[in-house]
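Structure, as structure tokens:
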Amino acid sequence: MDGLRLPPVIEEAVDPVDDTSDLKTDKPSMENELTTKEKEALEENDEKEEKEAEAGDGEKEVMEEKAEEVAEQKDEVEAADKEKAPLSEEQELEELRSQVLQLLLELEEAREVSQKHEESFHELQGLLEEERLASAHQAEAFTRQIQRLQAQLRSVQEEMDSLEEEKESELAEAQEELRAAQEEVLVLQQAAEEAAAERENDIASLQEELCRLRAELQRLRATTQEYELEITTLRAEITMKSQRREEERNQGDVGQLKEECRVLKDECQTLKDENRKLSERLQLLQLQRTGSNDVCLTLKEESDAEASDKEEAEIGMVATQTNCRLVDASIQKNISFDGKPVTPTSWHGGFTEIFSLRDQLKQAEERASQVQRECEGLKEELKELQALCDSSQREREDLEKELQSCRAELERLTGKATQGSEGGWNPVLVVAVAAAVLLIVPSLSRAFS
């Protein structure tokens, strides 16, 4: 804006124009006194002043101010003329001529100044045009830049819209996958609950089987006691028969007695050896019973009772065998040491009775050993059932732990999913859900297998 401000020289250059306007007002009174040359000069000046006035339309206000000053000076000159009224007309003409010449000189100076100001005006107008062109170019550049930025903004907005749509689609897919995963987890949970119920049913059936086996074991114990009672009865009968035969046979041959005594000694030594072997076997069985008690702690009391029964049964069997041998020896002794001569009929009757008693003893021993074997089998089956029950219990606990961990993982994933739906979707959620499913499926497959 400083380039458009007019310099002070232009204000001074406007004074001749104001003077010319004053001269125009005084021209009717002075035309009679001026010469033709002065009229021509004045006309030329008027034409120039008109041209300058046309060229100086932009400086009209300044020229009006100068015109007012010239009018004031004119008033002062008129006042001075009134004071010098006594002067002659020639002096007035001379003064007027001198004033006209002075005005002409001032007019020339004003023309020069006006020319300079016109040149400066043209320069300023050129600078203004250049600035206008520069501002137009700059505005055009700004317009292009604004258009380019608007295009970029539109592209960014479209990209944001596409990203928002893609994000919404991904979020919908992730939510769908999450719902599918939750449904699958629910299905797996139901399957796990069904497997747990099936395991509980298996445990209940195993417990029922265990109770049945215990009842069978009690029955076998009762049967064993009956067999032992029968064996005791047979022993008493054999003893009574041997006593009867001993009473009937009081006499015998001394040589035969010695021979039988020697045979009995040998038999006694044999029985001692067998008794020692049976004692070692009994100790071995006691050690085995102790090991079985260490293995199955839950059935300790029953194992102790069964082991004691087994020991008693084995001791009874050993005693039965020993008594059988002693009875055989005593029978042989009684038969041998009978005072009467031994007849084939008496030998046949005694041996028949002895053989029948031996057969009964063998059958009782076989029954006792069979009962013992059945008892051992039941113990082994009971141990297997107990181990199966423990393994199923451990598997159930493992399944419950895995189910709890899966529930915690699912709760954590659902919490992350809600946070992702508020602030942005986390793409790791799907992988986490898949990992949880992969952790649950093998355990359930093991449970179902």
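Sequential numbering from 1 applies to the sequence shown in UniProt numbering.
Ideal Cβ placement from N, Cα and C applies to all residues, glycine included.
Bear in mind the structure is a predicted one, so any value in this text is a computation, not a measurement.
Select from Ala387, Glu380, Asp390, Gln372 the residue whose C-alpha is nearest the C-alpha of Arg219. Residue mapping note: residue 219 aligns to position 219 of the sequence shown, counting from 1. Ranking Ala387, Glu380, Asp390, Gln372 by Cα distance to Arg219 puts Gln372 first.
Cβ distance (whole Å) where Cys375 is taken to contact Leu206 below 8 Å: By 1-based counting over the sequence shown, the position of residue 375 is 375. By 1-based counting over the sequence shown, the position of residue 206 is 206. So it is not a contact: roughly 20 Å between Cβ atoms.
Can you say whether Ile146 is buried or exposed, counting buried as having 16 or more other CB atoms within 10 angstroms of its CB? Taking the first residue of the sequence shown as 1, we reach residue 146 at position 146. That one is exposed.
Please go through the same chain and pick out, in chain order, the residues whose beta-carbon is closer than 8 Å to the beta-carbon of Leu234, but skip the five residues on each side of it. Your numbering for residue 234 matches position 234 in the sequence shown. Only Leu357, Gln360, Leu361, Ala364 meet the Cβ criterion.
Are the beta-carbon atoms belonging to Leu378 and Leu217 less than 9 Å from one another? Locating residue 378 in the sequence shown gives position 378, where the first residue counts as 1. Locating residue 217 in the sequence shown gives position 217, where the first residue counts as 1. Cβ distance < 9 Å, so Leu378 and Leu217 count as in contact.
If you draw a straight line from the alpha carbon of Gln370 to that of Ala236, how long is it in whole angstroms? Numbered from 1 along the sequence shown, position 370 holds the residue referred to as residue 370. Numbered from 1 along the sequence shown, position 236 holds the residue referred to as residue 236. One C-alpha to the other measures close to 24 Å.
Under 9 Å between the Cβ atoms of Ala196 and Glu380? Position 196 of the sequence shown, counted from the start, is the residue given in the question as residue 196. Position 380 of the sequence shown, counted from the start, is the residue given in the question as residue 380. Not a contact, by the Cβ cut-off of 9 Å.
Just to confirm my understanding: we take Asp202, look at its own chain, exclude 5 residues before and 5 after, and list those with CB closer than 7 Å. What are they? Looking up residue 202 in the sequence shown gives position 202. For Asp202, where only same-chain residues beyond five positions count, the Cβ hits under 7 Å are Ser392.
Span separating the alpha-carbon of Leu285 from that of Gln225: For the purposes of this step, residue 285 is taken as the residue at position 285 of the sequence shown. For the purposes of this step, residue 225 is taken as the residue at position 225 of the sequence shown. Spanning the two alpha carbons is a distance of roughly 20 Å.
Measuring alpha carbon to alpha carbon, tell me which residue in Arg221, Leu403, Asp273, Glu267 is nearest Ala368. Reading the sequence shown from its first residue, position 368 is the one you call residue 368. The shortest Cα separation from Ala368 among Arg221, Leu403, Asp273, Glu267 belongs to Arg221.
Our contact map puts Arg199 next to Arg396 with C-beta atoms below 8 Å; I'd like the distance itself, whole angstroms only. Looking up residue 199 in the sequence shown gives position 199. Looking up residue 396 in the sequence shown gives position 396. Confirmed, about 5 Å.
C-alpha gap between Glu274 and Ala204, whole angstroms: Numbered from its first residue, the sequence shown carries residue 274 at position 274. Numbered from its first residue, the sequence shown carries residue 204 at position 204. Using only the alpha carbons, I get a separation of about 47 Å.
So, is Ala408 buried or exposed, given that buried needs 16 or more other C-beta atoms within 10 angstroms? Here residue 408 corresponds to residue number 408 of the sequence shown, with the count starting at 1. Label assigned to Ala408: exposed.
Leu403 beta carbon less than 9 Å from that of Gln189: What you label residue 189 is simply residue 189 of the sequence shown in a count that begins at 1. What you label residue 403 is simply residue 403 of the sequence shown in a count that begins at 1. Their beta carbons are under 9 Å apart, which means Gln189 touches Leu403 by this criterion.
Applying the criterion that 16 or more other CB atoms from any shown protein chain within 10 Å of the CB defines a buried residue, is Thr139 buried or exposed? Residue 139 sits at position 139 when you count from the first residue of the sequence shown. According to the sequence shown, residue 139 is Ala rather than Thr. It counts as exposed.
Since I believe Leu171 is in contact with Leu382 (beta carbons under 8 Å), could you give me their beta-carbon distance rounded to a whole number of angstroms? Locating residue 382 in the sequence shown gives position 382, counting from the first residue. Locating residue 171 in the sequence shown gives position 171, counting from the first residue. Not really, about 59 Å apart at Cβ, beyond 8 Å.
Where does Val185 land, buried or exposed, given buried means 16+ other C-beta within 10 angstroms? The count along the sequence shown starts at 1 and reaches residue 185 at position 185. Burial call: buried.
For Ala136, is the classification buried or exposed, using 16 other Cβ atoms within 10 angstroms of its Cβ as the cut-off for buried? Within the sequence shown, residue 136 is the residue found at index 136, counting from 1. So Ala136 ends up on the exposed side.
Flag Leu378 as yes if its beta-carbon sits less than 9 Å from any beta-carbon of chain C, otherwise no. Protein chain content of the structure displayed is limited to a single chain, and chain C is not contained in it.
Using the Cβ count rule (16 or more neighbours within 10 Å means buried), how would you classify Leu287? As a working mapping, residue 287 is identified with position 287 in the sequence shown. Exposed, because fewer than 16 other Cβ atoms sit within 10 Å of the Cβ of Leu287.
Tell me which residues share the same chain as Leu101 and place their Cβ nearer than 6 Å to its Cβ, disregarding the 5 neighbours each side in the sequence. Residue 101 sits at position 101 when you count from the first residue of the sequence shown. Nothing meets the Cβ criterion.
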